[in-house]
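Peer 1:
Number of protein chains: 2
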Amino acid sequence: MCTINAFSMVTNFIKFLEQNFHLPSEKFDKLEKYITCKSFSKGDYLVRQGDVITDTFFIEKGLVRMYSVDPSGKEHILQFACENRIVLDRSSVYFNKPSQFFVDAIEDTVTVSFNQSLLDVLHEIQPETVKNNELLLQNHIRHLQFRINMLLSASAEERYLDFIKQFPDLTLRVPQWMIASYLGITPESLSRVRKTLADKNFKPSHKL
Amino acid sequence: MCTINAFSMVTNFIKFLEQNFHLPSEKFDKLEKYITCKSFSKGDYLVRQGDVITDTFFIEKGLVRMYSVDPSGKEHILQFACENRIVLDRSSVYFNKPSQFFVDAIEDTVTVSFNQSLLDVLHEIQPETVKNNELLLQNHIRHLQFRINMLLSASAEERYLDFIKQFPDLTLRVPQWMIASYLGITPESLSRVRKTLADKNFKPSHKL
DNA sequence: CGCGTGATTGAAACCCTTCAAGTTTAGTGG
DNA sequence: CCACTAAACTTGAAGGGTTTCAATCACGCG
Numbered sequence: 000m001c002t003i004n005a006f007s008m009v010t011n012f013i014k015f016l017e018q019n020f021h022l023p024s025e026k027f028d029k030l031e032k033y034i035t036c037k038s039f040s041k042g043d044y045l046v047r048q049g050d051v052i053t054d055t056f057f058i059e060k061g062l063v064r065m066y067s068v069d070p071s072g073k074e075h076i077l078q079f080a081c082e083n084r085i086v087l088d089r090s091s092v093y094f095n096k097p098s099q100f101f102v103d104a105i106e107d108t109v110t111v112s113f114n115q116s117l118l119d120v121l122h123e124i125q126p127e128t129v130k131n132n133e134l135l136l137q138n139h140i141r142h143l144q145f146r147i148n149m150l151l152s153a154s155a156e157e158r159y160l161d162f163i164k165q166f167p168d169l170t171l172r173v174p175q176w177m178i179a180s181y182l183g184i185t186p187e188s189l190s191r192v193r194k195t196l197a198d199k200n201f202k203p204s205h206k207l
Numbered sequence: 000m001c002t003i004n005a006f007s008m009v010t011n012f013i014k015f016l017e018q019n020f021h022l023p024s025e026k027f028d029k030l031e032k033y034i035t036c037k038s039f040s041k042g043d044y045l046v047r048q049g050d051v052i053t054d055t056f057f058i059e060k061g062l063v064r065m066y067s068v069d070p071s072g073k074e075h076i077l078q079f080a081c082e083n084r085i086v087l088d089r090s091s092v093y094f095n096k097p098s099q100f101f102v103d104a105i106e107d108t109v110t111v112s113f114n115q116s117l118l119d120v121l122h123e124i125q126p127e128t129v130k131n132n133e134l135l136l137q138n139h140i141r142h143l144q145f146r147i148n149m150l151l152s153a154s155a156e157e158r159y160l161d162f163i164k165q166f167p168d169l170t171l172r173v174p175q176w177m178i179a180s181y182l183g184i185t186p187e188s189l190s191r192v193r194k195t196l197a198d199k200n201f202k203p204s205h206k207l
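Top to bottom, those sequences are chains Y and W. For the record, in the first sequence the residue sitting at position 21 is 20 according to numbering that gives the first Met the number 0, with numbers rising by one throughout. For the record, in the second sequence the residue sitting at position 193 is 192 according to numbering that gives the first Met the number 0, with numbers rising by one throughout.
1. Ordered along the chain, which non-local residues of its own chain (more than five positions away) have a Cβ less than 6 Å from that of ILE34/Y?
2. Quick test of your reading: LEU62/Y and THR108/Y, contact by CB under 8 Å. State the CB separation rounded to the nearest angstrom.
3. Using a Cβ cut-off of 9 Å (strictly closer), state whether LYS164/W contacts chain Y.
4. Looking at PHE15/W and GLN125/W, is the spacing between their C-beta atoms short of 9 Å?
5. In chain W, which residues lie less than 7 Å from GLY183/Y when you measure between Cβ atoms?
6. Taking the alpha carbon of SER154/W as the reference point, which residue from SER188/W, LYS96/W, ARG84/W, SER40/W has its own alpha carbon closest?
7. Quick check on the burial criterion: 16 or more other C-beta atoms within 10 angstroms. Buried or exposed for ASN148/Y?
8. Which same chain residues end up closer than 6 Å to PHE166/Y when comparing Cβ atoms and leaving out the 5 residues on each side of it in sequence?
9. Under 9 Å between beta-carbons, which chain Y residues line up against ARG89/W? List them in chain order, please.
10. Which stretch, first to last residue, makes up the beta strand (DSSP E) that contains THR170/Y?
11. List the whole-angstrom C-beta distance separating PHE39/Y from VAL86/Y, where the pair is believed to meet the contact cut-off of C-beta under 8 Å.
12. Check this for me: beta carbons of PHE100/W and LEU118/W, under 9 Å apart or not?
13. In the DSSP output, what is MET65/Y paired with across the bridge?
14. So, do the region 132-143 of chain W and the region 139-146 of chain Y have three or more beta carbon pairs nearer to each other than 8 Å?
15. Name the DSSP beta bridge partners of PHE57/Y, please?
16. How should SER71/W be labelled, buried or exposed, when 16 other C-beta atoms within 10 angstroms of its C-beta is the threshold for buried?
17. What do you get for SER204/W, buried or exposed, if any count of 16 or more other CB atoms within 10 angstroms of its CB means buried?
18. Can you list the alpha helix (DSSP H) stretches of 4 or more residues lying completely in the region 126-155 of chain W, in chain order?
19. DSSP three-state label for VAL9/Y, please.
20. Which residues, in chain order, does the region 37-59 of chain W contribute to contact with chain Y at a C-beta distance below 9 Å?
21. To the nearest angstrom, how far is it from the Cα of ILE13/W to the Cα of PHE27/W?
22. Terminal residues of the continuous alpha helix (DSSP H) containing LEU45/W?
23. Could you work out which residues of chain Y lie near LEU134/W, taking near to mean beta carbons separated by less than 7 Å?
24. Could you check whether the Cβ of GLN99/Y sits closer than 9 Å to any Cβ belonging to chain W?
25. Count the other CB atoms within 10 Å of the CB of GLU123/W; is the residue buried (16 or more) or exposed (fewer)?
26. Say whether chain W places a C-beta atom closer than 9 Å to the C-beta of ASP69/Y.
Shown next, in the form of structure tokens:
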């Protein structure tokens, strides 16, 4: 990991602030001293389970995953985060406890990292952002509920179809075994699911 | 469902405001006109999938569940909420869309319901509550992540053991088939899980 | 009492996993 | 640019955990 600082280069982060917080550009410079750009190579850790990392990471460029490792050594992916998404370990950031999860880079990644003080300043210079922030959180909760519902009710095939519909871009950028891990199935199973799907789509032979 | 109004009776809600928002008692009366007490009998719906219900429900007394119904008619429970917990459909409340889920009463239930304007007023009369509210949301996200992790990594038995550890009270109040639905298994499977657990605990016969 | 709901149990079926082998792909160094 | 290696993906056979379907039992309530 390597730390750089060039606010003008983080165009995605600026767009994020404009779009989600309606922050006018003249207020950007007040925030500059609260953010840090970090650069990670593929495979680098942003957060290790057990650490206390109070940074929040905005993904300016690249792709990371958040995952746990169970007692038998198997990894389980809780979240992918690519450009314009935010990733953090909430146990650390909000409750000062050891991180529950690992976060590492799937691709070379540039992040804009900051801690709670950025949000405090943001709320100070523009009080409306409180509501915007709450909306982002509520939406995230909605997304997690939807995922739980899928895990409770859908088969491997249905979950995979939902994944490629929700994240067509990730389907191409993420190795298949990680998608399997996200879906809660083995890589072998996902391979078979894909095969049966391919058969359905390309071999309704009696119709051709 | 039946609507009543007696602020002084909702002692749990008052405690909730004191503990989570540090709201001094002299400020309570400013909120009174923004809340409504509602009473539901066992089986009544608080929210129906497809409705737009912009109320947030604080459970003053009783027990409710939030669930979906899949195409084959099976129910999948996303959340239980008993005393001092909050339940709402976020699609409705925050995005003005039809509710994604059903909510109904497992026991006779009294709720304190309110809409977004209560939070607005609360933030106005006591700005610090913004942070308290965010903390509640972040903690909720943490809880959902933990549940996803369980669904990805743990067997039926492990999930059940975690459930009775996390919610010993609910284990007694909620019928077994609903716990199974929450865990993502069939009632039959849960019955068998419980049997093998009972055998382990009470029949290490060579030891007795 | 009898009915309905919830819990249990058994047998067969199914989906997914495991393990093992083989194939393809991607990255690295000569 | 090819050769080599490791990682990713595929495929097969066997096994395991969970579901399904059906029957039985237990209980509470009108």
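Ideal Cβ placement from N, Cα and C applies to all residues, glycine included.
Peer 2: In terms of the structure at hand:
1. Numbered from 1 along the first sequence, position 35 holds the residue referred to as residue 34/Y. Cβ within range, chain order: VAL111, PHE113.
2. Residue mapping note: residue 62/Y aligns to position 63 of the first sequence, counting from 1. Residue mapping note: residue 108/Y aligns to position 109 of the first sequence, counting from 1. Confirmed, Cβ separation roughly 7 Å.
3. Translated into positions along the second sequence, residue 164/W becomes position 165. Judged by the 9 Å Cβ criterion, LYS164/W is not in contact with chain Y.
4. As a first step, residue 125/W is located in the second sequence; it is residue number 126 there, counting from the start. As a first step, residue 15/W is located in the second sequence; it is residue number 16 there, counting from the start. Cβ atoms of GLN125/W and PHE15/W: not closer than 9 Å.
5. Here residue 183/Y refers to the residue found at position 184 of the first sequence. In chain order: LEU150, LEU151.
6. The sequence position of residue 154/W within the second sequence is 155, counting from 1. Of the listed residues, the one whose Cα sits closest to SER154/W is SER188/W.
7. Numbered from its first residue, the first sequence carries residue 148/Y at position 149. Label assigned to ASN148/Y: buried.
8. In the first sequence, residue 166/Y corresponds to position 167, counting from 1. Contacts found: none.
9. Your numbering for residue 89/W matches position 90 in the second sequence. What ARG89/W touches in chain Y: GLN137, ASN138, ILE140, ARG141, GLN144.
10. Within the first sequence, residue 170/Y is the residue found at index 171, counting from 1. Segment 167-172 is the alpha helix (DSSP H) holding THR170/Y; no beta strand (DSSP E) there.
11. For the purposes of this step, residue 39/Y is taken as the residue at position 40 of the first sequence. For the purposes of this step, residue 86/Y is taken as the residue at position 87 of the first sequence. In fact, because the Cβ distance is near 12 Å, the residues do not count as touching under 8 Å.
12. In the second sequence, the residue the question calls residue 100/W occupies position 101. In the second sequence, the residue the question calls residue 118/W occupies position 119. Going by C-beta atoms, PHE100/W is not nearer than 9 Å to LEU118/W.
13. Against the first sequence, residue 65/Y aligns to sequence position 66. Answer is GLN78/Y, VAL102/Y.
14. yes
15. In the first sequence, residue 57/Y corresponds to position 58, counting from 1. Beta-bridge pairing links PHE57/Y to ILE85/Y, VAL111/Y.
16. Working through the second sequence from its first residue, we reach residue 71/W at position 72. Flag for SER71/W reads exposed.
17. Here the question's residue 204/W lines up with position 205 in the second sequence. Unreliable positioning characterises SER204/W in this predicted model, as indicated by a pLDDT of 43, which lies under 50. The coordinate reading is nonetheless provided below. Answer is exposed; the Cβ neighbour count stays below 16.
18. 128-152
19. Along the first sequence, read from residue 1 onward, the residue named residue 9/Y stands at position 10. VAL9/Y falls in the coil class under three-state DSSP.
20. none
21. Locating residue 13/W in the second sequence gives position 14, where the first residue counts as 1. Locating residue 27/W in the second sequence gives position 28, where the first residue counts as 1. Spanning the two alpha carbons is a distance of roughly 8 Å.
22. Counting from 1 along the second sequence, the entry for residue 45/W is found at position 46. No alpha helix (DSSP H) contains LEU45/W, which is instead part of the beta strand (DSSP E) from 44-46.
23. On the second sequence, residue 134/W is found 135 positions in, with the first residue counted as 1. What LEU134/W touches in chain Y: TYR93.
24. Taking the first residue of the first sequence as position 1, residue 99/Y is located at position 100. Yes, contact with chain W.
25. Here residue 123/W refers to the residue found at position 124 of the second sequence. Exposed, since its Cβ has fewer than 16 Cβ neighbours within 10 Å.
26. Your numbering for residue 69/Y matches position 70 in the first sequence. Chain W contact via Cβ: present.
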